[in-house]
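And the structure:
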């Protein structure tokens, strides 16, 4: 019996020794890994990209008159803020009184869409002088010229609009305009007169009168009947 008990004790001691050695080996391995990690050179941190600055707000203010290319002269009623998809959005609220329309334009997109301040008096004088020049009618089909006139009207550029007014103006001695020519002429005249009125602080009727006076003094090179396929839809 004593011999058996002795063998059991020896076996227990052997198992305990094996467990101790295993734990010691694991501790040593862990320590080695820690030393190896500590010896590695520190990784250089990637430089952080600077935060992109917010797009600057265009230099417009409430109650100011502005020109929006597709609609002409309008007035900024206010600058409002709205939350869209979790982001704060700042908007110009623009009223176009004649069209009875209100347009909201993000303040950081105003420049991209071509919104601008009113022309100064020097530009207005240049536009009036443009009206006194000779009409320049291209020898192309009316449909193509109509597209070019529309592009000029919607460019928002006062000089380009004045060119359309000049080229489509017809005196009493000239052939009558077709319906589409008249429509484009009146659209260009309206755009130009409204900006002239806003810049010079006069009524629109007075602005139209000023434009027409300049046109009536224009040397008209087109006092001839248009050639077939050239000048007018009416032909």
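Numbering (the working numbering), first residue to last: 62 to 296. Yeah, the Cβ is synthetic: ideal placement off N, Cα and C, and Gly gets one too.
Cβ-based neighbour list, residue 259, same chain, cut-off 6 Å, excluding 5 preceding and 5 following = If we look at residue 259 and ignore the five residues flanking it on each side, its Cβ neighbours are 126, 134 and 179.
Where does the unbroken beta strand (DSSP E) through residue 136 begin, and where does it stop?
-> Counting along the chain, the beta strand (DSSP E) containing residue 136 begins and ends at 133-145.
Residue 276 versus residue 145 - alpha carbon distance | Cα-Cα distance, rounded: 49 Å.
State the Cα-Cα distance for the pair residue 268 and residue 147, rounded to the nearest angstrom.
-> Roughly 46 Å separates the two Cα atoms.
Decide if the stretch 184-191 is in contact with the stretch 216-228; the criterion is three or more beta carbon pairs, one per stretch, under 8 Å apart.
-> Result yes; three or more Cβ-Cβ pairs closer than 8 Å.
What's the call for residue 124, buried or exposed, on a 16-neighbour Cβ count within 10 Å?
-> It counts as exposed.
Residue 174, DSSP secondary structure in three states | Three-state result, residue 174: coil.
How would you call residue 238, buried or exposed, if buried means at least 16 neighbouring beta carbons within 10 angstroms?
-> Residue 238 counts as buried, since at least 16 other C-beta atoms from the protein chains shown sit within 10 angstroms of its C-beta.
Whole-angstrom C-beta distance between residue 246 and residue 226, which should lie under 8 Å = About 7 Å separates the beta carbons of residue 226 and residue 246, which is inside the 8 Å limit, making them a contact pair.
Indicate the three-state DSSP secondary structure (helix, strand or coil) for residue 215 in the structure shown.
-> Residue 215 falls in the coil class under three-state DSSP.
N- and C-terminal bounds of the beta strand (DSSP E) containing residue 150 | Annotation for residue 150: the continuous beta strand (DSSP E) segment containing it runs 148-157.
Please say whether residue 121 and residue 25 have beta carbons closer to each other than 9 Å?
-> With the chain covering 62 to 296 only, the question about residue 25 has no answer from this structure.
Does the beta-carbon of residue 171 have 16 or more other beta-carbons within 10 angstroms, so that it is buried, or is it exposed?
-> So residue 171 counts as buried.
Given residue 264, which residues of its chain have a CB within under 7 Å of its CB, disregarding the five upstream and five downstream residues?
-> Contacts found: 258.
N-terminal and C-terminal residue of the alpha helix (DSSP H) that residue 202 is part of = Bounds of any alpha helix (DSSP H) do not take in residue 202, whose DSSP letter is neither H nor E.
Specify, as a first and last residue, the run of the alpha helix (DSSP H) that residue 246 falls within.
-> For residue 246, the enclosing alpha helix (DSSP H) begins and ends at 240-261.
Nearest-angstrom Cα distance between residue 139 and residue 272?
-> Just so you know, the alpha carbons of residue 139 and residue 272 end up roughly 32 Å apart.
Extent of the continuous alpha helix (DSSP H) to which residue 191 belongs = Segment 182-192, the alpha helix (DSSP H) holding residue 191.
For residue 276, the first and last residue of its enclosing beta strand (DSSP E) | Membership of residue 276 in any beta strand (DSSP E) is not indicated; the residue belongs instead to the alpha helix (DSSP H) covering 265-277.
Given residue 213, which residues of its chain have a CB within under 8 Å of its CB, disregarding the five upstream and five downstream residues?
-> Once the five neighbours on either side are set aside, the close Cβ partners of residue 213 are 221, 222, 224, 225 and 249.
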